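Enquirer: If you're matching positions, the sequence shown starts at 5 in my numbering and goes up one per residue.
Sharing a structure below in structure tokens format, with a few things to ask.
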Amino acid sequence: MRHLSLRKGPFCCMRFLSEINSPADLRQLRVEDLQEVADEVRQFIIDTCSRVGGHTGASLGAVELAVAMHYVFDTPSDKLVWDVGHQAYAHKILTGRRDELHTIKTYGGLSGFLKRDESPYDAFGAGHASTSISAALGMAVARDTKKEDFHVCALIGDSSLAGGMAMEGINQAGHLKSRLIVILNDNGMSIAPAVGSLSGYLNRIKEAQSYQHWKEEIGDALESVPGIGGKLRAAAKSVKDAIAAAVLPGALVNELGFKYIGYVDGHNVANLVKALEAAKKIDDGPVIVHALTTKGNGFPNPEKNYYAYHATGPFDPKTGLPYKSSKVAAPSYTAVFGQTMCELMERDSTIVALTAAMPDGTGVDKVLEKFPERSFDVGIAEQHAITFCAGMACEGLKPVAAIYSTFLQRAFDQVLHDVCLQDLNVTIAMDRAGIVGADGPTHHGLLDISYLRGYPNIVLMAPKDEAELRDMMLTAIEHPGAAAIRYPRGNGFGVDISEFPKQLEIGKAEVVTEGDEVAIIAYGSMVYPAIEAGKELAKSGIKPTVINARFVKPLDEQLFTEIARTHRLIVTVEDAYLAGGFGSAILEMLEEKGLADTIRVVRMGVSDEIVTHGDPKILLAHYGLDAEGITARVIESLDILDEKHVNKTRIKAVK
Ligand SMILES: Cc1ncc(C[n+]2csc(CCOP(=O)(O)OP(=O)(O)O)c2C)c(N)n1
């Protein structure tokens, strides 16, 4: 062990961090120095996130865990699998990405989550919750199959542990008896406070620890864990018997085949190191190390606003308060959704609201406040959320599930099997549809059109602005079957939303401007850019018909048939993958009507590739999904049509 030397440079005030360029450097230090390393890492995260924002609070809660894990495990040979990956800034800092941290979530910069192609230390990519145990178990089984020897360690938060997939992973891990370490980062929080009975069980473990009789039992439990001696008893406090009082640990330890070490103070690196060293010695099955942490630990002047901790924009590093923008922004779609739900629920007592662990992200937080008995946060449980809604709908309630487009992918089967096949009145509000920006590939909502469009018994719609969102919400709720509305992340257009929502005619599009020759048919958030493009094109003497499609299912067949007969070019625009999307629906319809050969259709959307992270404006422009891009594509497509026309004439002339 050696002390690393001081070096002048950007981190000259940091005794250790300036010298840590990989976990190998960290492992040169003495255990006694690690707490200081953690302090420096924490300060570095605060300094960086105060400038650029990020998952500040989540990452501040896992600093000591990251230090201890990289110290104890021989990464990257040993595999660390981070659940979600939003809390892994310390891991990024310690694994050679310290100097790039300020680029996090920006176009061309570091990802906000973990990615296998970003670093060899990112053993598994993520962004969606509850995957770590399954992935880590897969690695452990591969290791054993190949007769190799390394450790596999999954770090998972208490709310992600409650996700169905994590439970399925635990179930199999205990059965296989694979050598696997699961570290539970238990801060009692999801983005909002953790919900559900599992969270209650974890609390009971903590409470049980304070009773003397449990302490006695702890000793016995520790002795029963092979490889863990009396020394660890003091440090790691295994609570096999204490937790046996609660269903989770009882099941894990005694029935599901997990050993248990805990709980450990997750902000004490020396204790964490001891607990992990002990876990490493367990070679006859999986073990869970239960670390207690505080979300946002060290965040300056913490206020009692838990949402602020999980993820922040830039903030004042002294006060912790966000920098206020002087611009008065239009309300976000999310805020309009929350407000509208409250208005609708006021009038109709059969409407219920639901979120899957995203109360503030979806606007359901306002509904939970106003109608606590008719709104639910089910935790990270999108599959359950949809089937739960289906059950309520069977009994005459009108459930509205607000779920991000990307997370609804989890409930692909439930939407079909439990809702559509039984023709139930469930409304799905898909927030964050389209290109979401900074959170990147795991979070873009690019697939909902294509994955929902094939279902029978569902109405699919997308509003052009926040006023239309309100109308669509009422339309969906009053529709007796399933309906899903997609709308983007971010602010609306500031249009008037003072009137009570009105029902729209299902399957009826809106002609925004009448023109000739070319029709731009836009879906959802692409309508305003299409209108802008129409104005630009008018300057070049092209007067397009601009249509707000409103519905992709059912399509306004009558209007689109008419358009196909009276125009020579249709340009469809959607902020979604082209494969199976809105433009595909138009093409299919034209083909069915025998019109496919009579009109040229150009589909604008996202091509078949992974969309990176970054400012949505940059990403949308990259795919031509802005006024400029649409204008250019229309002109280019008309030119090609003209060229073809000329060529055809020439061929005729030669003949
Ligand atoms: C399937 C899925 N649903 C929702 C989310 C959004 N989300 C990101 S982090 C998070 C909270 C995770 O809580 P926990 O596992 O306790 O970790 P912590 O943030 O407290 O460290 C949620 C709900 C997600 N990433 N994946």
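Cβ atoms here follow ideal geometry from the backbone N, Cα and C, with glycine treated the same way.
Owing to the predicted nature of the structure, the values given are computational and were not obtained by experimental measurement.
Would you be able to state if there are at least three C-beta pairs under 8 Å between the region 360 to 371 and the region 405 to 412?
Expert: yes
Enquirer: Would you report the Cα separation of H626 and T446, rounded to the nearest angstrom?
Expert: 18 Å
Enquirer: Taking the CB atoms as reference points, tell me whether R607 and S641 lie closer together than 8 Å.
Expert: no
Enquirer: Under the rule that 16 or more other beta-carbon atoms within 10 Å means buried, what is P533, buried or exposed?
Expert: With 16 or more Cβ atoms within 10 Å of its Cβ, P533 is classed as buried.
Enquirer: Under the three-state reduction of DSSP, which class applies to V251: helix, strand or coil?
Expert: Annotation note: pLDDT 41 at V251 (below 50); position unreliable, coordinate value reported separately. V251: helix per DSSP, three-state reduction.
Enquirer: Enumerate in chain order the residues of its own chain whose CB-to-CB distance from E373 is below 7 Å, with the five nearest sequence positions on each side excluded.
Expert: none
Enquirer: Given the structure, does Q91 come close to ligand 1, in the sense that its CB is under 7 Å from one of the ligand's heavy atoms?
Expert: At least one heavy atom of ligand 1 is nearer than 7 Å to the Cβ of Q91, so yes.
Enquirer: By DSSP, does Y215 sit in helix, in strand, or in coil?
Expert: Interpretation of Y215 is limited by its pLDDT of 42, a score under 50 that renders its predicted location unreliable; the figure taken from the coordinates is listed afterwards. In this structure, Y215 counts as coil in the three-state DSSP scheme.
Enquirer: Among F586, L599, Y581 and F504, whose alpha-carbon lies nearest the alpha-carbon of T570?
Expert: L599
Enquirer: For I622, I'd like the list of residues in its chain whose CB is within less than 6 Å of its CB, leaving aside the five on either flank, ordered along the chain.
Expert: Y111
Enquirer: Is the closest heavy atom of ligand 1 to the C-beta of G161 under 7 Å?
Expert: G161: yes, Cβ under 7 Å from ligand 1.
Enquirer: Which residue marks the beginning of the beta strand (DSSP E) containing C157, and which one marks its end?
Expert: V156 to G161
Enquirer: Pull up the CB-CB distance for A589 and R457, whole angstroms please, since I reckon it's below 8 Å.
Expert: Going by Cβ atoms, the distance from A589 to R457 rounds to 6 Å, so yes, they are a contact pair.
Enquirer: Cβ of M18 within 7 Å of any heavy atom in ligand 1?
Expert: For ligand 1, not one heavy atom lies less than 7 Å from the Cβ of M18.
Enquirer: Assuming G302 and I50 make a contact with CB atoms under 8 Å, what is their CB distance in whole Å?
Expert: 7 Å
Enquirer: Does the Cβ of G65 lie closer than 7 Å to at least one heavy atom of ligand 1?
Expert: yes
Enquirer: Quick one: Cα of A158 to Cα of Y267, how far?
Expert: 17 Å
Enquirer: Residues in the same chain with beta-carbon distance under 7 Å from V615, minus the five sequence neighbours each way, listed in chain order, please.
Expert: I439, P445, H448, L450 and L623
Enquirer: Checking 8 Å against the spacing of the C-beta atoms, do L105 and Y93 come in under that value?
Expert: A contact, by the Cβ cut-off of 8 Å.
Enquirer: Check the C-beta distance from G161 over to F262 and give it rounded, since I have them as a contact under 8 Å.
Expert: Contact annotation, G161 with F262: C-beta distance approximately 17 Å; criterion of less than 8 Å not satisfied.
Enquirer: Rounded to whole angstroms, what's the CA-CA distance from D320 to P326? Just pull it up for me.
Expert: Computed Cα separation, rounded: 6 Å.
Enquirer: Flag H271 as yes when its Cβ comes closer than 7 Å to any non-hydrogen atom of ligand 1, and as no otherwise.
Expert: No, since every heavy atom of ligand 1 falls outside the 7 Å radius drawn around the Cβ of H271.
Enquirer: Between R572 and chain B, is any beta-carbon pair separated by less than 8 Å?
Expert: Given the protein chain composition of this structure (a single chain), no chain B is represented.
Enquirer: Please tell me whether, using a cut-off of 7 Å, the distance from the CB of V88 to the nearest non-hydrogen atom of ligand 1 is below it.
Expert: Checking the Cβ of V88 against ligand 1 gives yes.
Enquirer: Closest to Q91 by CA distance: which of T60, V56, M396 and A146 is it?
Expert: T60
Enquirer: Using the rule of at least 16 other Cβ atoms within 10 Å of the residue's Cβ for burial, across every protein chain shown, is T359 buried or exposed?
Expert: buried
Enquirer: If you draw a straight line from the C-alpha of Y215 to the C-alpha of V273, how long is it?
Expert: Unreliable placement is indicated for Y215, whose pLDDT of 42 sits below 50; the coordinate value is still reported in the next sentence. Spanning the two alpha carbons is a distance of roughly 25 Å.
Enquirer: For G131, verify whether its CB is less than 7 Å away from any heavy atom of ligand 1.
Expert: Remark: the shortest separation between the CB of G131 and any heavy atom of ligand 1 falls under 7 Å.
Enquirer: Unbroken beta strand (DSSP E) runs of length 3 or more, entirely within the region 608 to 640: which are they?
Expert: Correct list: empty.
Enquirer: Are there any heavy atoms of ligand 1 lying less than 7 Å away from the beta-carbon of M171, as far as the coordinates show?
Expert: no
Enquirer: Hey, would you say the C-beta of S201 is under 7 Å away from at least one heavy atom of ligand 3?
Expert: Summarising the ligand content, the structure contains ligand 1 and does not contain ligand 3.
Enquirer: In whole angstroms, what is the alpha-carbon distance linking S134 and E470?
Expert: One alpha carbon belongs to S134, the other to E470, and they sit about 33 Å apart.
Enquirer: Any chance the CB of K331 is under 7 Å from a heavy atom of ligand 1?
Expert: no
Enquirer: Beta-carbon separation of I546 and E518 under 8 Å?
Expert: no
Enquirer: Between the alpha carbons of P306 and E23, how many angstroms are there, rounded?
Expert: 30 Å
Enquirer: When you compare each of I510, D288, Y491 and T298 to I195 by their alpha carbons, which one comes out closest?
Expert: Comparing alpha-carbon positions, the option among I510, D288, Y491 and T298 lying closest to I195 turns out to be T298.
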